[in-house]
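Report on the following structure.
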Amino acid sequence: MTRNRLLTLLALLLLGAILLAQAALSQPVRDRVLSEVRIADGDECALVTVSFNFPVRYVRHFPETAGDELRIHLEPIAVNPRDANALFKREAIKPPASEIAPLVEVTYEGDITGGPYLTLSFNHPVQFKVGQGSDFRSLVVAVPLPETNLPCDPMPDKGKAPSGR
């Protein structure tokens, strides 16, 4: 084999490997509804953001303002047919630690009557407000500081977003 042919073959193999890796990375997550849970600790409250792998619409929640468990009824929007099986399953994510939001677990419950529901479990009762994420791929729960219990907005102005700790 000549040197030019060998270099061309190596270049083609490298290009093929790059394209294969890119295709693998761009594949959507299958059989998972929950993407991630983030907690932004601020001076007055924590914002818990639960992200989904496809668009969802906030419907309602219970209890209304406080408790150690928050159940959010949601409605999936525009789900790819290949992802539809995930809608009827149950899955959970352990959230990151937070000094303000004593969140223990986040569970998607697609396998119960009247669902699907997103359940946030706290290790003690907290106050909260719930809001639709601006991208329709997330829900936001605002939890105020325990000592103030001042209401927090789940969708603060961009200039008033809590600072990370």
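Residues are numbered in this note's numbering as their position in the sequence shown, beginning at 1, plus a constant of 1. Quick reminder that beta carbons are idealized off the backbone N, C-alpha and C, glycines included.
Sub-8 Å separation of residue i and residue j beta-carbons
| i | j | result |
| --- | --- | --- |
| ARG58 | LEU71 | no |
| PRO172 | GLU106 | No statement about residue 172 is possible, as the shown extent of the chain runs from 2 to 166 and does not include it. |
| ASP32 | ALA87 | yes |
| PHE123 | LEU104 | yes |
| PRO155 | LEU48 | yes |
| PHE53 | ASP84 | no |
| ILE73 | LEU119 | yes |
Cβ-Cβ separation, residue j to residue i (assumed contact under 8 Å), whole Å
| i | j | result |
| --- | --- | --- |
| ILE101 | CYS46 | 7 Å |
Of the residues the options, the one placed nearest residue i, counting alpha carbons only
| i | options | result |
| --- | --- | --- |
| VAL142 | ALA98, GLY115, HIS62, PRO82 | HIS62 |
| THR108 | ILE94, VAL131, ALA98, GLU65 | ILE94 |
Outcome for residue i when other beta-carbon atoms lying within 10 angstroms are tallied against a minimum of 16
| i | result |
| --- | --- |
| VAL60 | exposed |
| GLY165 | Legend: pLDDT at GLY165 = 38, less than 50; position of this residue unreliable, no value from coordinates given. |
| LEU140 | buried |
| PRO96 | buried |
| LEU121 | buried |
| ALA67 | exposed |
| GLY43 | buried |
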